[in-house]
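Residue numbers (the numbering used here): 144 to 234.
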Amino acid sequence: ERLSPVQLAALQERLASGGLKLRERPDFEERLKELRRTYEPYVTALARYLAVPLPPWVREVERPDNWQTSAWDRVVRLPARKEPPITEAHF
């Protein structure tokens, strides 16, 4: 079971904090399970075939998405040099 009741509650909370409130229905969990039963076997088989792990529904650790960072972040965040740069006449 990839999505436990605790993880489902965390997912719903995260969606609500982002402004997406799901309608409350008495059969919500059952309908979600039914929907997941239609595709989960294929997702699992595809992941196994490609030898990649399936990601969790909710991240355990908060970190920025790859589109929110760039290689330049490391350059920009480097500490300033203590000594002045070496200047030399090239020509």
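A virtual CB, placed ideally from N, CA and C, is assigned to each residue, including glycine.
Since the model is a prediction, treat every value here as computed from it, not as a measurement.
Please classify Trp210: does DSSP put it in a helix, a strand, or coil? Trp210 carries a helical assignment under DSSP once its states are collapsed to helix, strand and coil.
State yes or no: is the C-beta of Gln90 within less than 7 Å of the C-beta of Trp200? No information on residue 90 is available, as it lies outside the stretch 144 to 234 that the chain covers here.
Under the three-state DSSP convention, the category Pro169 falls into: The three-state reading of DSSP puts Pro169 in coil, since its state is none of H, G, I, E or B.
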